[in-house]
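As you go down the protein sequences, you meet chains A and B in turn. The first sequence finishes on residue 398 if you use full-length UniProt numbering, and the numbering steps up by one all the way, no holes. The second sequence finishes on residue 446 if you use full-length UniProt numbering, and the numbering steps up by one all the way, no holes. In this text, a Cβ means the ideal position worked out from N, Cα and C, and glycines have one as well. Down below is the structure, laid out as structure tokens.
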Amino acid sequence: MRARRSLTALAATALLIPLAACTQNDVGAAASGGNGPTTLTVDSSADACAVSATTAPSGTVVFSVTNSGSEVTEFYLLAADGLRIVAEVENVGPGITRDLVLAAQPGTYQTACKPGMTGTGQRAEFTVTDSGIEVGPTGEVAEQLATASTNYVAYVQDQTEQLLVATEAFAAAFLAGDDDAARAAYASTRVHWERIEPVAESFGDLDPRMDLREADVEPGTEWTGWHLLEKDLWAPTTEANGGVAYVPLTAEQRTQFTDQLVADTLDLDGRVHADDFTLTADQIGNGAKSLLDEVATGKVTGEEEIWSHTDLWDFQANVDGARVAFEGLRDVVAAKDAELATTLDERFADVQLLLDAHRAGDGFAMYTDLTSDEVRALANAVDALGEPLSRLTSAVVL
Amino acid sequence: MVEQDDARPGVSRRAILGWAGAAAAVGIAGAGGVAAGRASSPATGAPTGASRVYPFTGAHQAGIVTPAQDRLHFATWDLTTTSRDDVIDLLRRWTTAAARLTQGLPAGEFDPGAGPYDSPPDDTGEAADLAASGLTLTFGFGGSLFSTADGTDRFGLAARRPAALADLPHFPGDQLEAARTGGDLAVQACADDPQVAVHAIRNLSRLAFGTAAIRWSQLGYGRTSSTSTAQRTPRNLFGFKDGTANLMAEEPEQAEEHLWVAADDDAAGGASGGGDTAWMTGGSYLVARRIRMTVETWDRSSLREQEQIVGRTKGEGAPLSGGTEHTDPDFAAGGRGGEPLIPIDSHVRLAHPSSNGGARMLRRGYNYTDGSDGLGRLDAGLFFLAYVRDPRTQYTPMQTALARDDAMSEYLRHTGSGLWAVPPGVPEGATMGTPDGAFVGQGLFT
């Protein structure tokens, strides 16, 4: 596992809004048919919010917001009541232009710029006329997203609970010197980690302690976590170890590193059970995309588990996590972009079919047992899934 | 047939391959050397594209502050000889050829379509109808020239190795391939025509057979940095402008501080330190990194994520704190909730001189695409080239921070690496092409 930016850092405040506030005026997929989007410009200066038109036809509308003032600004499209936020862009620095793209339904709205990010902003009436274009369903999206969020948080909590139990069992075998049992438990334990990897990574301090690969260790810092124990269990030859004879961990080191792994797992479990632990729709969607990135760059290349070669277990677990994320959001996706939902159904099934062909016993064949053609087929299927999956977030929150 | 050719008056094989031939070739520049003869001409007009010619001689080697050309062929060699004289001889022959090639002349005495009929042409010929195209050839010496990994001093140079030429450390995430890393000698060939750059490396390699063999080479296109304020900032394969804050040719004082090794760097404990390293005065250090970009996963990331990782807008290249491309980033600027507009783990913040003790570098990298990887992904990325006065203070600390904290690391893999001492230029007016003529790096061998 490589260091990666946290999910929370990427969470977009703009994208939190639909979940909480957008019940009647949620916007559908940008199905503008044969008509292109309507582009309006917005000039947000210190004392004015100049929108290039006061009306636009329903369908995809682009507000190209330029900040000509000297303070950071925000732009909102509000419902007629001036309270409910339909869509927004935030953190537009002076001189910068950023697009707000939305599928606008017919109705009356307010536009608002908020230079300095305070106050009620400079407001004006805005009307979306009926173009006859089907914009998308209204209704229960917010409720569906809230349910998706609740369910995914429960899934994450269930996985950390299972991870904790399995890690403790793994640790007991490892400490008892029962390496066969530890090896047998290694991959099936890590599955619970890999299913929720982006969430675990969002806690920036835990991931490097628990899941760092040797090549990613910074000189002068101590290598800890799963892959250190992996190397000890599948001790490399001198040749495979860069010409240096591998020195097994001492009993003391085994205790030290195992204790830390269990403690960190307990810590992780505690954090996802905290009252304030939430996952928004965009975080879930981005997490699904991240899981497929993990497969594409780490698992299908055999780089994640370079000593145990249990990459296919991780592969399956990443796909599991992504599929659960998608399935939680599927009703929303299907309503807004039915074709995307169908494509994702098919592509998940394609990947699963290929993975199933490599099942062996309770798990999977070693990565090193795959032919190059088989690896290539897996890589193709992962890329075929990853591409549409990268559109999941925008399909859900737009 | 050979005898017939050898018998032709004035054109013996020895004359072509030996010093007599080279001396004759340089006869064209009898006054003031090859470069000086041609170099001044482009300055008078406004040469564009193919007709551009840069002087080979000067206080510093060309190809550093020279406005970055569009194309690159970079190559490194390992010496196959153990003879110091062979090394000197190679550098002399390379210098002579480089002085010719950079002026748009063929590598040897004869044009590719001329010369003894039973002898291979002096010049390989593929650049015969092409102009100089702004070709520069820049030579560097790797640490292994001075002492090999096991401490062998093949050429009696170990005591002359600058401390600044210490091997780069392992950085977190490095996945270096031996076949793309290191090399006793390196040559950076830059030109506005790719065939001119490749032609230069090919002909230099030909001169090296028996003394040195190519270890690895790298083609690059689409320069990713500006080295002159007159150049538009180019884009890297992430689609973002790159090198906006680069050291520019128009900043001679900055170049003195950050780029050129000074005579007193030894005393200051800077670039040198220990041993006789005065030969590097006026030189610079070249860091090369082959950085593969996982463009497929990058392309699936949202515009929001891309801009947050880079810290600049994708269109204009403005820092997220506001302004336009060349506006200084305001790292203190906060957005909603007090979060910094330029994220803590963004590339522009971590790579900025203000995060690196004011250290700057002259970047001269190129995009590369070396086919695909067998899994349906492009083997593409950035061939990072940077010149610094002291890599220990200007590169290693920054790369350590980037490798650890940069959000962009998720999409990068460093697959090749090298560090070379780039000696000063052959002085203007020096005689080249004779058995005792001037050559690049001469100070190291005297």
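Any Cβ of chain B closer than 8 Å to the Cβ of M366 (chain A) would place that residue at the interface, and such an atom is absent. Classified as buried, E294 (chain A) has 16 or more neighbouring CB atoms from the shown chains inside 10 Å of its CB. With fewer than 16 other CB atoms across the displayed protein chains lying within 10 angstroms of its CB, V247 (chain A) is exposed. By the rule that beta-carbons nearer than 8 Å mark a contact, S228 (chain B) does not touch chain A. Between the stretch 235 to 247 of chain A and the stretch 173 to 186 of chain A, the count of C-beta pairs closer than 8 Å stays below three; the two stretches do not touch. With a minimum length of 3 residues, there is no unbroken run of beta strand (DSSP E) contained wholly in the stretch 177 to 264 of chain A. Here I96 (chain A) carries a coil assignment [DSSP, helix/strand/coil].
With respect to chain B, the C-beta atom of D205 (chain A) has no partner C-beta closer than 8 Å. If you draw a straight line from the Cα of H199 (chain B) to the Cα of Q69 (chain B), it is about 15 Å long. Restricted to the stretch 252 to 333 of chain A, the alpha helix (DSSP H) segments that are unbroken, complete and at least 4 residues in length are 281 to 294, listed in chain order.
Nearest to P115 (chain A) by C-alpha distance, out of A:E71, A:L77, A:R98, A:T150, is A:E71. A buried status is given to R360 (chain B), since no fewer than 16 other beta-carbon atoms sit within 10 Å of its beta-carbon. Straight through space, the alpha carbons of T189 (chain A) and G298 (chain A) are spaced by roughly 18 Å.
Interface annotation, I196 (chain A): not in contact with chain B, CB-CB separation never under 8 Å.
Taking a cut-off of 8 Å for Cβ pairs, the stretch 181 to 192 of chain B and the stretch 408 to 425 of chain B touch, as three or more such pairs fall below it.
Remark: three or more beta-carbon pairs, one from each stretch, lie closer than 8 Å, so the stretch 91 to 102 of chain A and the stretch 318 to 329 of chain B are flagged as touching. Here the C-alpha atom of Y109 (chain A) lies approximately 51 Å from the C-alpha atom of D216 (chain A). Taking a contact as a CB-CB distance under 8 Å, the pair F326 (chain A) and L355 (chain A) does not count as one, their CB atoms being some 16 Å apart. Flagged as an interface residue toward chain B: I96 (chain A), by a C-beta distance shorter than 8 Å. Nearest C-alpha to A59 (chain B) among B:R92, B:T138, B:A75: B:T138.
A Cβ of chain B is located within less than 8 Å of the beta carbon of D293 (chain A). The beta carbon of H170 (chain B) falls within 8 Å of a beta carbon belonging to chain A, placing the residue at that interface. Contact check for T281 (chain B) against A255 (chain B) fails: the beta carbons are separated by 8 Å or more. Between the stretch 128 to 144 of chain B and the stretch 399 to 416 of chain B there are fewer than three inter-stretch CB-CB distances shorter than 8 Å, so the stretches are not counted as touching.
A Cβ-Cβ contact shorter than 8 Å links R160 (chain B) with L444 (chain B).
Residues of the stretch 165 to 192 of chain B whose Cβ lies closer than 7 Å to any Cβ of chain A, in chain order: P169, H170, P172, G173, D174, Q175. Taking every protein chain shown into account, the CB of H352 (chain B) has 16 or more other CB atoms within 10 angstroms, so this residue is buried. Within the stretch 349 to 427 of chain B, the complete beta strand (DSSP E) runs of at least 3 residues fall at 366 to 372, 378 to 388, 412 to 422.
Taken in chain order, the complete alpha helix (DSSP H) segments of 4 or more residues contained in the stretch 280 to 353 of chain B are 295 to 299, 303 to 310, 347 to 351. Cβ neighbours of F439 (chain B) within its own chain (closer than 6 Å, five residues either side excluded): L91, R92, T95.
Residues of chain A with a Cβ closer than 8 Å to the Cβ of L378 (chain B) do not exist, since the nearest Cβ in that chain sits about 12 Å away. P37 (chain A) has a beta carbon lying at 8 Å or more from every beta carbon in chain B. For T224 (chain B), the closest Cβ of chain A is not nearer than 8 Å.
Note that the C-beta distance between V300 (chain A) and L378 (chain A) is below 8 Å. Between the stretch 75 to 83 of chain B and the stretch 214 to 230 of chain B, the count of Cβ pairs shorter than 8 Å is three or higher; the stretches touch. Between E305 (chain A) and D314 (chain A), the C-beta gap is smaller than 8 Å, which places the two residues in contact.
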